[in-house]
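One structure is given here, and the rest of the page talks about it.
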Ligand code: XUL
Ligand code: CO
């Protein structure tokens, strides 16, 4: 143990803990839900970047967090950061973590130096994983922070940036594979544009498609069995991002012949920025067969930014897990807390408390979702609403043509009577569980 989380002990499951004690009131890894352990349903992951790499800056002010590993950007600091990260994992007991290359290694002056730094840190982290049993949910490449990526990575007008990004992604898939990662994520933070005036939309989209085909080819070539995941987001940092939401990503995957190869990692805050609800994005991905994993967080509903806060709304989280369960639950995916502290939350204990609270909220959401499914009321109401489609004439209409339908409407004197959508009654039903 480092002394970073000094004085803190592994967080127990204790529904009767004192009000200010750090304890899981609801998250109980071994509790059985729908025949599966709660831990195996939720598959929690801690995000290295928010917990250990983010210094607490905002557009108006610099770093607020004082972490010992921020003093210098060296391998020694990166190892200290890794030690502290594994200390947090030991306190929380969550099964997984996620990282970008830039979160875990110092920045080198050249590509070769970056690759060496990454290798050294992957060795170090791999040893800690075998000692502790904590696993890697996904790895990814940071193709958005360095200034070389300011005009995009795969979609850059400069082919040298495309090449640098491709080589970087290769090194990150290798790292993820070596650490037995269950998924590899691509979030296209700079894969978009600031102004159409200097942008060739179609060329950039084609570059992104070709890039993704190479990622999939490489995955098969090295025998990486994890899932490749795209993480949609509509904007921020760019004005427009090419993979704006699940529907857009599906069209993109179809276009490049990758719909059977690539799935989505859906983030709560990104769904909201795209003008959707989280459950909309989850339901659509489930229906299209591309649901993969989730980044759990929340945005401040007034700010209009991707504020990446820890989740705190049981009703919202319950509806999200309802869709996750309906999609069959996670296979390689999980619940990654892509969430950061507020910049005034300076204490190491704040980081622990944030995750404990979020894990409890998710546990409550999962329990509510499972209870709603067991109750069956929502699914019965949905089935009843569409029951007319089971009638033989409805099937004939779907298989018919405008002319045959028109003739039938005349012959049967069809005159539809509107029926209630019963929205409030369904909302009342949900309220009984959350
Ligand atoms: C940014 C975001 C990223 C991805 C990984 O909004 O969500 O942290 O999850 O690059
Ligand atoms: Co994310």
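Residue numbers (my numbering): 1 to 434. Don't be surprised by glycine CBs; every beta carbon is placed ideally from N, CA and C.
Residue ranges of uninterrupted alpha helix (DSSP H) with 4 or more members, entirely inside the region 250-284 and ordered along the chain, are 268-273. Shortest gap from the CB of residue 30 to any heavy atom of ligand 2: 7 Å or more.
At least one heavy atom of ligand 1 lies closer than 7 Å to the C-beta of residue 231.
Judged by the Cβ position, residue 49 fails to qualify as a neighbour of ligand 2 at the 7 Å threshold, every heavy atom of the ligand being at least this far.
Taken atom to atom, the span from the alpha-carbon of residue 96 to that of residue 60 is near 33 Å. In this structure, 135 is the residue among 186, 15, 135 and 267 with its C-alpha nearest to the C-alpha of residue 180.
The region 161-171 makes no contact with the region 307-317, as fewer than three CB pairs between them are under 8 Å. For residue 99, the uninterrupted beta strand (DSSP E) run begins and ends at 96-100, by DSSP. Distances taken from the Cβ of residue 187 to the heavy atoms of ligand 1 include one shorter than 7 Å.
Excluding residues up to 5 positions away in sequence, 232, 233, 234, 244, 245 and 281 lie with their Cβ nearer than 8 Å to the Cβ of residue 274 in the same chain. The beta carbon of residue 151 lies closer than 8 Å to those of 157, 158, 161 and 190 in the same chain, with the five residues before and after it left out.
Comparing alpha-carbon positions, the option among 133, 131, 132 and 154 lying closest to residue 142 turns out to be 154.
Straight through space, the alpha carbons of residue 384 and residue 421 are spaced by roughly 11 Å. For residue 20, the closest alpha carbon among the candidates 123, 416 and 352 is that of 352.
Just measuring C-alpha positions, the residue of 423, 200 and 225 sitting nearest residue 381 is 423. The criterion of a C-beta distance shorter than 8 Å is satisfied by residue 279 and residue 323. In the DSSP assignment, residue 405 falls within the unbroken alpha helix (DSSP H) covering 402-412. Burial is judged here by how many other beta carbons sit within 10 angstroms of a residue's own beta carbon; residue 103 has at least 16 and is buried.
When rounded, the separation of the alpha-carbon atoms in residue 283 and residue 269 is 16 Å.
Residue 4 carries a coil assignment under DSSP once its states are collapsed to helix, strand and coil. Residue 413 has its CB no nearer than 7 Å to any heavy atom of ligand 1. Separation of the CB atoms of residue 93 and residue 10 is rounded to 6 Å, and the pair is thereby assigned contact status at 8 Å.
The Cβ neighbour count for residue 354, taken over all protein chains shown within 10 Å, is at least 16; the residue is labelled buried. In the same chain as residue 213, and ignoring 5 residues on each side of it, the C-beta atoms closer than 8 Å to its own belong to 256, 257 and 258, in chain order.
For residue 130, the enclosing alpha helix (DSSP H) has its first and last residue at 111-132. Within the chosen limit of 7 Å, ligand 2 reaches the beta carbon of residue 267 through at least one heavy atom.
Rounded to the nearest angstrom, the gap between the Cα atoms of residue 194 and residue 240 is 7 Å. Under DSSP, the beta-bridge partners assigned to residue 228 are 184 and 262. Apart from the 5 residues on each side of it in sequence, residue 86 sits with its Cβ closer than 8 Å to the Cβ of 128, 132 and 134 in its chain, given in chain order. By the neighbour-count definition (other C-beta atoms within 10 Å, threshold 16), residue 202 is an exposed residue.
Contact holds between the region 332-348 and the region 38-50, because three or more Cβ pairs, one in each stretch, are under 8 Å apart. Setting aside the 5 residues that flank it on each side, residue 124 is surrounded in the same chain by 79 and 82, each with a C-beta closer than 7 Å to its C-beta; the list follows chain order.
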